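Okay, so here's the structure we're looking at.
2 protein chains.
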Amino acid sequence: MVTIAIIGGTGPEGRGLGLRFAMAGHAVVLGSRDAGRATAAAQELLALWPGLSVAGAPNAAAANTAEWVVLSTPYDGLAPTVQALTPSLAGKLVISVVSALTFQGGHPRPIEVPEGSAAQQVAGLLPASQVVSAFHHVSAHDLLAPGTEVEGDVIVCGDADEAKGQVMTLVEQVRSLRAVDGGGLDNSRHSEALTALLLDLNRRYKTRTAVRLLGL
Amino acid sequence: MVTIAIIGGTGPEGRGLGLRFAMAGHAVVLGSRDAGRATAAAQELLALWPGLSVAGAPNAAAANTAEWVVLSTPYDGLAPTVQALTPSLAGKLVISVVSALTFQGGHPRPIEVPEGSAAQQVAGLLPASQVVSAFHHVSAHDLLAPGTEVEGDVIVCGDADEAKGQVMTLVEQVRSLRAVDGGGLDNSRHSEALTALLLDLNRRYKTRTAVRLLGL
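Quick note, the sequences are listed as chains A and B, same order. Each residue of the first sequence is one higher than the one before, starting from 22 at the first, in the numbering used here. Each residue of the second sequence is one higher than the one before, starting from 22 at the first, in the numbering used here.
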């Protein structure tokens with residue numbers, strides 16, 4: 022059992038991951054800039070699945086409390102959020118689920134990040150943390166339906182093997198997800214780029230896609 | 022039955038696609054800068070599966086003969102090859118299977134293409150052709166084993182719906198492949214980027230990966 026903070030934890034993806042991590046037995050703290058919204062999001066998860074260890078807190082308090090910290094903000098808010106939390110994140114495992122994307126007229130567009138990807142940008146801002154990227158392609162809708170098995174592969178990228186292994190274990194604690202070792206953090210750009218394609222397919226096919234890698 | 026030229030048709034991917042298109046009943050012309058190598062590659066396919074309609078020809082002759090033209094060169098040689106063939110490709114369906122990648126110490130690296138992707142670069146060079154991108158993630162090794170069913174999804178991107186539909190039909194003529202409508206040609210960048218990730222996984226897991234999109 023690990024205490025996991027989710028920064029940007031009141032959005033659908035953050036809540037969905039929080040629900041599943043708590044269902045796996047972890048203590049989850051949903052972080053938000055607004056303490057009231059954080060508490061409300063935690064209450065919402067407890068209504069879905071009573072008895073979980075889920076609380077809400079301001080982002081900094083959530084990060085301070087936790088052993089592992091998940092970054093689940095929109096890309097636009099990622100860098101300032103991380104910069105504000107740098108002291109709280111030192112020495113910790115930080116999991117970026119952010120894809121470097123923006124939306125133009127509802128159409129997902131990749132953003133060219135000088136560091137290569139959102140995750141590499143985070144790693145550059147947090148030299149004293151271990152940064153791993155994962156969970157880019159998991160449907161928030163499915164995560165938030167506790168009776169639904171969440172199918173698909175989660176590509177996990179990171180430069181520290183132990184930290185990457187811990188995240189791969191976390192992935193597989195979410196029922197039906199499979200962890201795939203995506204290599205170093207510089208591969209996160211490919212995983213983040215795939216998010217744009219899946220979002221576009223979701224819109225065109227009016228569905229929720231996920232990825233399965235064949236041949237592993 | 023369509024006559025399909027494969028430019029850069031003597032490499033493993035070109036030969037593999039040529040074999041499968043010919044097995045589907047099409048007339049295939051493998052193109053090369055070197056007429057002798059093109060003929061030898063055609064003979065090699067005929068040895069694998071006698072009775073196919075497969076010939077070899079210099080690239081320009083192959084392109085002139087064909088109704089549809091597949092571009093299957095390494096990215097490095099793509100632009101000069103296309104420029105040399107522009108008159109032969111006017112008015113034709115052109116299928117780019119090229120990913121904008123290079124290799125550094127065996128490690129696949131995306132190349133930043135000003136147009137966004139290899140396929141968009143081709144479209145810019147060929148304003149009088151209909152350019153569709155497809156087949157980025159299909160294992161040449163599997164294509165060249167005629168008894169092997171080639172599993173996976175082929176993401177097809179293009180701006181002309183009729184041409185894209187023709188390519189999607191071609192995809193599904195290769196047994197076990199599924200065509201996925203990947204949207205406009207500006208989505209090809211995501212599909213091409215995914216190639217780098219798959220090649221990296223192939224190396225790490227010592228396997229040949231393919232992609233299946235769940236939820237379609």
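The beta carbon of each residue, even a glycine, is placed where N, CA and C say it ideally should be. Keep in mind that this is a model prediction, so the values were computed, not measured.
Legend entry - Own chain residues within Cβ distance below 8 Å of F124(B), not counting five before or after: Locating residue 124(B) in the second sequence gives position 103, where the first residue counts as 1. Cβ within range, chain order: R130.
Inset, instruction - Measure the Cβ-Cβ separation of T107(B) and L146(B) and say whether it is below 8 Å. - result: On the second sequence, position 86 is the one that residue 107(B) refers to. On the second sequence, position 125 is the one that residue 146(B) refers to. Contact flag set, yes.
Inset, instruction - To the nearest angstrom, report how far apart A59(B) and L235(A) are at their CA atoms. - result: In the second sequence, the residue the question calls residue 59(B) occupies position 38. In the first sequence, the residue the question calls residue 235(A) occupies position 214. Each residue's alpha carbon lies about 32 Å from the other.
Legend entry - Member of S120(A), F42(A), K113(A) and V90(A) whose CA lies at the smallest distance from the CA of T216(A): Translated into the one-based positions of the first sequence, residue 216(A) becomes position 195. When each option's Cα is compared against that of T216(A), the closest is S120(A).
Legend entry - Among F156(A), S212(A), G112(A) and V175(A), nearest to A181(A) - alpha-carbon criterion: Working through the first sequence from its first residue, we reach residue 181(A) at position 160. The option with the nearest alpha carbon to A181(A) is G112(A).
Legend entry - Three-state secondary structure (DSSP) of D97(A): Translated into the one-based positions of the first sequence, residue 97(A) becomes position 76. In this structure, D97(A) counts as helix in the three-state DSSP scheme.
Inset, instruction - For Y226(B), return the contacting residues in chain A, with the cut-off set at a CB-CB distance below 7 Å. - result: Taking the first residue of the second sequence as position 1, residue 226(B) is located at position 205. Within chain A, the residues near Y226(B) are L237.
Inset, instruction - Can you give me the start and stop residues for the beta strand (DSSP E) that V49(B) sits inside? - result: Against the second sequence, residue 49(B) aligns to sequence position 28. Here the beta strand (DSSP E) through V49(B) covers A48 to S53.
Inset, instruction - Would you kindly report the start and end of the unbroken alpha helix (DSSP H) that includes Q125(A)? - result: Taking the first residue of the first sequence as 1, we reach residue 125(A) at position 104. Not the alpha helix (DSSP H): Q125(A) falls in the beta strand (DSSP E), residues L122 to Q125.
Legend entry - Neighbourhood of G203(B) by C-beta distance below 7 Å, restricted to the same chain and skipping five residues each side: On the second sequence, position 182 is the one that residue 203(B) refers to. Only I176, V177, C178 and S212 meet the Cβ criterion.
Inset, instruction - Have a look at V75(A) and S154(B) and give me their C-alpha separation to the nearest angstrom. - result: By one-based count along the first sequence, residue 75(A) stands at place 54. By one-based count along the second sequence, residue 154(B) stands at place 133. In a straight line, the C-alpha of V75(A) is about 46 Å away from that of S154(B).
Inset, instruction - Look at the Cβ atom of V118(B), then the Cβ atom of F156(B), and state whether they are nearer than 8 Å. - result: Within the second sequence, residue 118(B) is the residue found at index 97, counting from 1. Within the second sequence, residue 156(B) is the residue found at index 135, counting from 1. Yes, the pair counts as a contact, with Cβ atoms nearer than the cut-off.
Legend entry - Proximity winner among M44(B), G52(B), G30(B) and I28(B), relative to P170(B) (alpha-carbon distances): On the second sequence, position 149 is the one that residue 170(B) refers to. Rather than Pro, the amino acid found at residue 170(B) in this sequence is Glu. It is M44(B).
Inset, instruction - Identify the continuous beta strand (DSSP E) that holds Q142(A) and give its terminal residues. - result: Stepping through the first sequence from its first residue, residue 142(A) is reached at position 121. Note, Q142(A): premise wrong, no beta strand (DSSP E); alpha helix (DSSP H) at A139 to L146.
Legend entry - Exposure of S197(A), with buried meaning 16 or more beta-carbon neighbours within 10 Å: Stepping through the first sequence from its first residue, residue 197(A) is reached at position 176. Answer is exposed; the Cβ neighbour count stays below 16.
Legend entry - Presumed contact (8 Å Cβ cut-off) between V143(B) and L92(B), rounded CB distance: Walking along the second sequence from the start, residue 143(B) turns up at place 122. Walking along the second sequence from the start, residue 92(B) turns up at place 71. The pair is a contact, with the Cβ atoms about 6 Å apart (cut-off 8 Å).
Legend entry - Cross-strand partners of R199(B) (DSSP beta bridge): Position 178 of the second sequence holds residue 199(B). D174(B).
Inset, instruction - Under 8 Å by Cβ, that's how I've got L110(B) and A84(B) pegged, so tell me the actual separation to the nearest angstrom. - result: For the purposes of this step, residue 110(B) is identified with residue 89 of the second sequence, where counting begins at 1. For the purposes of this step, residue 84(B) is identified with residue 63 of the second sequence, where counting begins at 1. 6 Å between Cβ atoms; contact.
Legend entry - For A184(B), the residue or residues it bridges with in DSSP: Within the second sequence, residue 184(B) is the residue found at index 163, counting from 1. In the DSSP output, where bridge partners are listed per residue, A184(B) has none listed.
Legend entry - Residues bridged to V90(A) (per DSSP): As a position in the first sequence, residue 90(A) is number 69, starting the count at 1. Paired residues: A26(A) and V115(A).
Legend entry - Nearest to A26(B) (by Cα), restricted to the options D163(B), G77(B) and Q104(B): Residue numbering aside, residue 26(B) sits at position 5 when the second sequence is read from its first letter. Minimum Cα distance to A26(B) is reached at G77(B).
Inset, instruction - Identify whether R36(A) lies in helix, strand or coil by the three-state DSSP scheme. - result: By one-based count along the first sequence, residue 36(A) stands at place 15. If DSSP states are grouped into helix, strand and coil, R36(A) belongs with the helices.
Legend entry - is_contact[T102(B), chain A] using C-beta, thresh 8 Å: Mapped onto the second sequence, residue 102(B) falls at position 81. By this cut-off, T102(B) is not an interface position.
Legend entry - Beta-carbon separation (whole angstroms), T102(A) vs L237(B), contact threshold 8 Å: For the purposes of this step, residue 102(A) is identified with residue 81 of the first sequence, where counting begins at 1. For the purposes of this step, residue 237(B) is identified with residue 216 of the second sequence, where counting begins at 1. Not quite, the Cβ-Cβ distance comes to about 34 Å (not below 8 Å), so this is no contact.
Inset, instruction - Would you decide whether A149(A) is buried or exposed? Buried here means 16 or more other CB atoms lie within 10 Å of its CB. - result: Position 128 of the first sequence, counting from 1, holds the residue named residue 149(A). With fewer than 16 Cβ atoms within 10 Å of its Cβ, A149(A) is classed as exposed.
Legend entry - Minimum C-alpha distance to P33(A) - residue among M22(A), S53(A), T24(A) and V23(A): Counted from its first residue, the first sequence places residue 33(A) at position 12. When only C-alpha atoms are compared, the closest one is S53(A).
Legend entry - C-beta contact flag for G30(A) and G39(A) at 8 Å: As a first step, residue 30(A) is located in the first sequence; it is residue number 9 there, counting from the start. As a first step, residue 39(A) is located in the first sequence; it is residue number 18 there, counting from the start. Result yes, Cβ atoms of G30(A) and G39(A) sit closer than 8 Å.
Legend entry - chain A contact residues for T169(B), given Cβ-Cβ distances below 9 Å: For the purposes of this step, residue 169(B) is taken as residue 148 along the second sequence, with counting starting at 1. Under the 9 Å cutoff, chain A gives no residues; its nearest Cβ is about 12 Å from T169(B).
Inset, instruction - Report, in whole angstroms, the separation of the C-beta atoms of H158(B) and G173(B), which I expect to be a contact under 8 Å. - result: Taking the first residue of the second sequence as position 1, residue 158(B) is located at position 137. Taking the first residue of the second sequence as position 1, residue 173(B) is located at position 152. Right, their Cβ atoms sit about 6 Å apart.
Legend entry - Option in G98(B), T230(B), G72(B) and R36(B) with minimal Cα separation from A61(B): Along the second sequence, read from residue 1 onward, the residue named residue 61(B) stands at position 40. Measuring from the Cα of A61(B), the nearest candidate turns out to be R36(B).
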